[in-house]
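K.L.:
Protein chains in written order, with the numbering used here: chain A, 1 to 180; chain B, 1001 to 1287; chain C, 2001 to 2650.
Glycine is no exception: its CB is placed at the ideal position from the N, C-alpha and C atoms.
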Amino acid sequence: MKVEGSYTIHASRDHAWLLLIDPEVISKCISGCESLEEKEPGIYNITLKAGVGSIKGVFTGTIRLDNINEPEHYRMIVDCKGSPGFIRGEGSLDVIESGDGTIVNYVGDVSVGGTLASVGQRMIQATSKMMAGNFFAAIEAEAKAWQKAEENNEPYKAPKHGFFRNTIRQIKNKVTAQPY
Amino acid sequence: MITGNFDYFAPSNVEEAIKLLNEYGDDCKIISGGHSLVPVLKLRLASPAVLIDIGRIKGLKGISFEGGTIVIGTNTTHAEIARSAELKKHCPLLVETAGQIGDQQVRNRGTIGGSLTHADPAADWPAAVLALDADIIVKGKGSVRTIKATDFFVDIMTSAVKSNEIVTEIRITKPAQPQAAAYLKVPQAASGFAVVGVAAQLTLKDGRCEKVAIGITGLGPKAYRASTSENALIGNTLDAATISAAAEKADTEAVDTMEDIHASGEFRRNLTRVYTKRAIMAAMSRA
Amino acid sequence: MSFLAKYIGQKVRRTEDPRLIQGIGHYVDDIKLADTLHVVILRSTHAHAKINSIDLEAAKSSPGVVAVYTGKDVEGRVGFVPCAAALPDLKVPKYPVLAQGKVIFVGQPVAAIVATDKYKARDAADLIDIDYDPLDVVTDPEAAVQADSSVIHEEFGTNIAFHHSAGTGDIEAAFKQADRIVSEKLYHQRLAPVALEPRGVLAHYLPGEQQMTLWSSTQIPHLMRTQVALMLGINENRLRVIAPEVGGGFGSKLNVYAEEALLGWISMQLKKPVKWIESRRENMTSTIHGRSQSGTVEMAVKNDGTLLGLKYQVIADMGAYLQLLTPAIPTLTGLMLSGCYKIPAISMQCTGVFTNRMSTDAYRGAGRPEATYLVERIMDCVALELKMDPVELRRKNFPKPEEFPFATATGLFYDSGDYEKSLARALEMSDYQKLRAEQSEARKQGRYLGIGVSTYVEICAMGPSIALPAGGWESATVRVEPTGKVTVMTGISPHGQGEETSFAQIVGDMLGVDMDDVLVIHGDTSIVQYGIGTFGSRGLAVGGAALACALDKVVAKARKLAAHILQTDESSLTFENGRFVGAPNDSSITIQEIAQAAHTAHNIPPDFEPGLVATHFFEPKNFTFPFGSHLRGRGRQGDRRGQGASIYRR
C-alpha cells in the first residue's frame, strides 16, 4: 500500500528537521508510543500501542533511519508486529523550506498483514493518513513551543540535546568511511 | 474466533459507568449492543481488559418527545427506531435509515449510540443525524456536554466523545416538514454498510427550498454535511436543473476519499453526486 | 424388475430433518469425550516467508497448555498431505502438516497448541513469537509463470506444476477453414467455499487396543481412512473414520487436510482425545478454494454459424500446494469444452501454476462450470460477431436427439439428450420473441434491455473408475434383520443431500417394506464396507445404483427361500408389494417372514446360506449428462425467466 502526504509545519526548516529526527520528540509525537530506545546506531526498538476506534493493539519492532541528508531528507524503515498483524515498510521524508514555514512531504510503501489487513482493509489507508496527520500536528505543536520558548528567551530542552544528532554524526562518519 | 480475557462490569446507572471508565482508563471499552465491538473482540483486533456493559442501565433506552424535541436514548436499537410509528410520523428519515442498517439480526441488537460513537465511516446513522442537525448528549465525570452532529465526527472511527465519556441520548428538533426526507444508499453486498449513503431533510415553502440539510456517509473518512450543495438549493425553486447543479457539488467537502475493494475514490465521488440528486428528488416527491 | 412406486417420485418427508431442525443431530463438535484436549492452530500471517525462529516458551507455560508442536516435531513422523491426482510430469511438492522452515500461503499451519480448553489454547497462541523473513510474494497466476517471478518451490526451479493438453480433431485445419475466429479472454475468479459447518476433527487413540477413531467433517470417510493411515504409518484397519452429521461440503470436504493426520498424531502422543474445530476465518484461509483460471478461448466458425473448432489456452491456479485433486480440476474443464454443441475439433492447453495462496480444488462442479461459462460466453461472442440470434446459433449446433450417444472431441460419450426440447421450453416460458421485440423497441428509445441465454450440459455421476484416482464405483450392503427391518450400509457419505430418505424410498419400493423400517447407515468405516463417498453428483446415481443391485441380490436370495417354503419353482413366484405370490396353492410369504426363516435356518434348502444380506459394488459404465437451458430477460413486465428442465436418462 502506498502512503503519501504533505504537511506544512509553521516553523523554520532547521527547527522542523531537528524535531523530526529526535527520538524523544518522535516518541512524544507518535500517539501511543510507549517506548523508543536505541538498539544500535540508527536502529531503534519501538513499542507502540496503536489503533483507531475500538481496534487497538500493541506493536513491537524496529525503526531504522538511513540516507540521512541533513536537513532535508531521510529514509525510515519500519518493521513491527503485534497480535492484530504486522506492519512493514519504508518511506522517505523530504523537508522543504517554503516561505516562513516548512513543508514535509512523505511517501512510503507499507505492507500490512495478518487479521488487521484481511478485515481492516478499508480502514488502513484512512487510518494511516489520520495517524500521520496527528503526528505532524504534534510536531508542529512542539515547534511552536520551541519558538515561543526562544521568543521568551526560555530554554526549550527536548530537541536541542537529542542524542540523535550523535547518531547522525556516527552514520555520516560511517558512510564517508566507505570506499565509494 | 475467541476473544481475549476481560473483566466485565454491568453498572446500573450512568454515574457508576463513568466512575468505572475513569478507574480503568484506556484499558476499558463500553459495550451496549456489541455489534461493532464484539466482532473486533473475536478477531482480537482489540483486547480491552475491562468491558463496561451499559446495556442494563435503565433510562438509556427508548424514544420520547419533549415538546418539539425528539429524544432517543443511546441504547435504543435500530429495530426499535425502524418500527416506531411516532417517528414515522414526526421524523421518518430516522425510520428509513434504521431500516436499512445491516440485517434484522444486526438491527435487533445494534444501538444508535453505539453506532454513532464507533464512527465507522461507512455507517448509516452519521448521514441521518447530520441531515437532522441532531444534538448528541454526552456525560462525563460531573459534566454534561452537548455536541452538535456537525462537530461529532472527527476522523475515521473517531468521534468527539472522550474516552471517559458516555453518549446518553440523541436530541432532534422535529422537522417542519417531516415527510420531505430521504435516505438513499449503495449498500456493500455482504455487510450492508454504505459504500455511499445520502440523507436529506427539506423544508419547502411556496415551491422554494427554505431549508435543507444533507448528510453524507461512506465517501470520506468521516461523514459530513454537503454545505455547498445545500447553499445551491436554499432560496431556489427546486427544478431538475437546480437539483442537478447542486448535487454536482455534493463531494466538495470531502478532501480525502475512502478507497477499497467495493469502490474507488472516484467512483464514490460519482455515487455521492448521483445519490444526492436522487435523495433530494425523493425528499421533494414525498413533501 | 417391476415394483410399485409407492415412494419413489412421491413427496415424502425427509427422515434426516427432525433431528437437524431441532438441533439434536451430532456434528463433530457435538461429540464430547471425557478428558478431551483442545487444539488451536497458529497459522502463517505471511504469504511467503522464511521462518527464522519460533519462540514457544511463553505459550508452553501459559495456563492449561499441555503441549505445543511445530514442524520440527512432526518432521519424519507424519507423512505429507496427499495429492491423489496423477498427470504426466506433475510436480508434487512435499506438503508438511506443520510448516517446516518456510511458509508459502497465508493460513498455512505453523504450530499446534494443545490445552485443556480451547480458550486457553487460543490465548496461548498469541504468546508464540515467530520471526519471519518475508520473501517475494506471487499471487497472480499469470505473473507466476513469468521469468522474473519468485519461485515458490525452489526444488522445482519453476512455478509451473504441469502442462496438460486435451481434445481431439484437426484443430489447425479447423482454424484454417474458418470464415472467422472469435476470441475472448476470460477470468474465473477464485472463491472460497463456505459450508455452514466448518471443518472439524476429533481424534481418539487407544494405546491398549492400538486403535484410532477419527471423527471428521468430511465427504470421503473411506478414502480419508486410507490416506490418514498412510500418513500416520498405522494399519488401515486400526483406523476408524466417522463422518457424523456433516453440515455441507460443496467439494471443500472432498479432501484430506493437514489437520486430520495432525490431530491423529497428537492424540497418539498424548494418549487422549483431541479436538479441533475450524473457525470461520480459518475456513476462509485454510480450506480449499475454487476456480481461479485465466484463459483465452477461441472459436473457429463458418459465416453460417457452423462451429468448426475451439481452442482454450489457460493458466490454472493451483495455489501453494497440491491438495487431493487440485491438478485434476482444470482437466475436467477440458472434458466439457464441447458444451452441448457439435464442435469437430477441440484443443485445450493448460498450464497449472503454483501461487502463494491456499490450494484450489473441487468446488461445486469443479472445473465444469468453468467450461460452461467459457463455452457459453464464446457462443454469445460468436453470435454478436455474426449478427445471429444467440438462440439460433445454439440450435444450429446442437446434436439432434437421434445422434445420441454423442461422441465429443473431448473424448466423452453423452449418453442421451434433447437440448432443443429444453431450450424450447425456456423460450416458451419467457416468451422469447416478445422479449426480443421489446428489446428492439427499447433500443429505439435509447434504452438497453438485456437478454441472457445459456444452454448447458453437465458431467455427473462421477464416474467410471478409470476417470477417478481412487476408483469411481460405489458400494451398498442390504441386511434384512430377523424382524424384517432393513439396514442399508452405503459407501457414500451424504452431508445434506438427503440419501437417508431417498435410499429408504428405494428400499421401500423394491422390497415392499415401510420406509420407516429402513435404516441407512453411512460414514463409519468400521460399520460400512469400503466406499468412495459423496461428490460429483454421484450419491444417488452411483450409490443408489449399487443399492438397487444389492436389493436385487437380496430379492433373488429371498426368492430361493420362498420357493423352498412354498414348495414351488422360483420361476412361478412373483415378488410384489413385499410378498412372494403365484404359488400353485395360492399361498404366499412376505419378505419379513422370509427374513425370519433365513435367520432361524430351520427350514432352508440344503445349499442355502443362512441370513439375508447382500453387498454390491457397482461400477458405472459412463457418467450421466444432465442438461438444461436458462433464459433471463428484463421486459416491460419486469424480470422474466425461463428454464428448461434437465432430463436424466440412463
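Any Cβ of chain C within less than 8 Å of the Cβ of F59(A)?
P.N.:
So no, F59(A) is outside the interface.
K.L.:
Spell out the partners DSSP gives L2307(C) in its beta bridges.
P.N.:
V2301(C).
K.L.:
Using CA coordinates, which residue listed in C1028(B), V1040(B), G1067(B) and G1034(B) is at the minimum distance from V1050(B)?
P.N.:
It is C1028(B) whose Cα lies nearest to the Cα of V1050(B).
K.L.:
Using the DSSP secondary-structure output, state which residues sit across from E4(A) in a beta bridge.
P.N.:
Answer by DSSP bridge pairing, in chain order: V107(A).
K.L.:
Would you check if the stretch 2361-2368 of chain C and the stretch 2309-2328 of chain C touch, i.e. whether three or more CB-CB distances between them fall below 8 Å?
P.N.:
The stretch 2309-2328 of chain C vs the stretch 2361-2368 of chain C: in contact.
K.L.:
Verify whether the separation of the beta carbon atoms of N2303(C) and D2179(C) is less than 8 Å.
P.N.:
Going by C-beta atoms, N2303(C) is nearer than 8 Å to D2179(C).
K.L.:
With a threshold of 8 Å between beta carbons, is D1158(B) in contact with chain A?
P.N.:
In the sequence as presented, Asp is not what sits at residue 1158(B); that position holds Thr. Chain A, which has a Cβ nearer than 8 Å to the Cβ of T1158(B), makes this yes.
K.L.:
Where K1249(B) and G2352(C) are concerned, what is the direct C-alpha to C-alpha distance, given to the nearest angstrom?
P.N.:
Using only the alpha carbons, I get a separation of about 50 Å.
K.L.:
Express the C-alpha separation of V2138(C) and H2164(C) in angstroms, rounding to a whole number.
P.N.:
Approximately 22 Å, taken between the alpha carbons.
K.L.:
Which residue spans inside the stretch 2010-2047 of chain C form an unbroken beta strand (DSSP E) run of at least 3?
P.N.:
As far as the stretch 2010-2047 of chain C is concerned, its whole beta strand (DSSP E) runs of at least 3 residues are 2037-2043.
K.L.:
Please identify the residue among K1205(B), A1247(B), S1244(B) and I1216(B) whose C-alpha is closest to the C-alpha of A1254(B).
P.N.:
When each option's Cα is compared against that of A1254(B), the closest is I1216(B).
K.L.:
Buried or exposed: where does T1272(B) fall if 16 or more other Cβ atoms within 10 Å of its Cβ makes it buried?
P.N.:
Classification for T1272(B): buried.
K.L.:
Roughly how many angstroms lie between the CA atoms of R2240(C) and L2037(C), to the nearest whole one?
P.N.:
Approximately 19 Å, taken between the alpha carbons.
K.L.:
Could you work out which residue in G114(A), N67(A) and S98(A) is closest to G91(A) when comparing CA atoms only?
P.N.:
When each option's Cα is compared against that of G91(A), the closest is N67(A).
K.L.:
Are the Cβ atoms of V1095(B) and I1081(B) separated by less than 8 Å?
P.N.:
Yes, the pair counts as a contact, with Cβ atoms nearer than the cut-off.
K.L.:
I need the straight-line Cα distance from F2404(C) to S2502(C), nearest angstrom please.
P.N.:
Computed Cα separation, rounded: 29 Å.
K.L.:
Measure from the C-beta of G1004(B) to each C-beta in chain C and report whether the shortest distance is under 8 Å.
P.N.:
So yes, G1004(B) belongs to the interface.
K.L.:
Closest Cβ-Cβ distance between G82(A) and chain B: below 8 Å?
P.N.:
With 8 Å as the cut-off, G82(A) does not count as an interface residue toward chain B.
K.L.:
Would you verify that the beta carbon of K2118(C) is, or is not, closer than 8 Å to some beta carbon of chain B?
P.N.:
Taking Cβ atoms only, chain B reaches closer than 8 Å to K2118(C), which makes this a yes.
K.L.:
Roughly how many angstroms separate the alpha carbons of P159(A) and T8(A), rounded to a whole number?
P.N.:
Its pLDDT being 46, under 50, P159(A) is placed unreliably by the model, and the measurement read from it follows with that caveat. Near 19 Å, if we compare the C-alpha coordinates of T8(A) and P159(A).
K.L.:
Would L1087(B) count as contacting chain A if we go by Cβ distances under 8 Å?
P.N.:
L1087(B) does not count as touching chain A.
K.L.:
Determine the contact status of D1120(B) and S1036(B), defining contact as a CB-CB distance below 8 Å.
P.N.:
Contact: yes.
K.L.:
Could you work out which residue in P1187(B), A1241(B), L1233(B) and D1239(B) is closest to G1218(B) when comparing CA atoms only?
P.N.:
Out of P1187(B), A1241(B), L1233(B) and D1239(B), P1187(B) has the C-alpha closest to the C-alpha of G1218(B).
K.L.:
Which stretch, first to last residue, makes up the beta strand (DSSP E) that contains R1145(B)?
P.N.:
Counting along the chain, the beta strand (DSSP E) containing R1145(B) begins and ends at S1143 to K1148.
K.L.:
Using a Cβ-Cβ distance under 8 Å, would R64(A) count as near chain C?
P.N.:
Closer than 8 Å: no.
K.L.:
Count Cβ pairs between the stretch 2256-2271 of chain C and the stretch 2498-2518 of chain C that sit closer than 8 Å; are there 3 or more?
P.N.:
Touching, no.
K.L.:
Does M1281(B) get closer than 8 Å to chain C when you measure Cβ to Cβ?
P.N.:
Closer than 8 Å: no.
K.L.:
Any idea which residues DSSP pairs M2231(C) with across the strands?
P.N.:
For M2231(C), which the question treats as bridged, DSSP gives no partner whatsoever.
K.L.:
Find the nearest neighbour of A1149(B) within the set D1135(B), K1139(B), I1156(B) and D1155(B), judged by alpha-carbon distance.
P.N.:
The shortest C-alpha separation from A1149(B) is found at D1135(B).
K.L.:
Taking 8 Å as the CB-CB cut-off, is H2046(C) touching chain A?
P.N.:
Answer yes: the Cβ-Cβ gap between H2046(C) and chain A drops below 8 Å somewhere.
K.L.:
Please check the pair C2460(C) and F2398(C), which I expect to be a contact at CB under 8 Å, by giving their CB distance rounded to whole angstroms.
P.N.:
Their Cβ separation, rounded to whole angstroms, is 19 Å, which puts C2460(C) and F2398(C) out of contact at 8 Å.
K.L.:
Measuring only the C-alpha atoms, how far is E37(A) from I46(A)?
P.N.:
One C-alpha to the other measures close to 7 Å.
K.L.:
Measure the alpha-carbon distance for C2083(C) versus V2092(C) and round it to whole angstroms.
P.N.:
Between C2083(C) and V2092(C), the C-alpha separation is close to 7 Å.
K.L.:
Distance cutoff 8 Å, beta carbons only. Does D2123(C) sit that close to anything in chain B?
P.N.:
Answer yes: the Cβ-Cβ gap between D2123(C) and chain B drops below 8 Å somewhere.
K.L.:
Helix or strand or just coil, what does DSSP make of L2629(C)?
P.N.:
As written in the sequence, residue 2629(C) is Ser, which differs from the Leu given in the question. Reduced to three states, the DSSP call for S2629(C) is strand.
K.L.:
List, in order along the chain, the chain C residues whose C-beta lies closer than 9 Å to that of R88(A)?
P.N.:
Within chain C, the residues near R88(A) are P2134.
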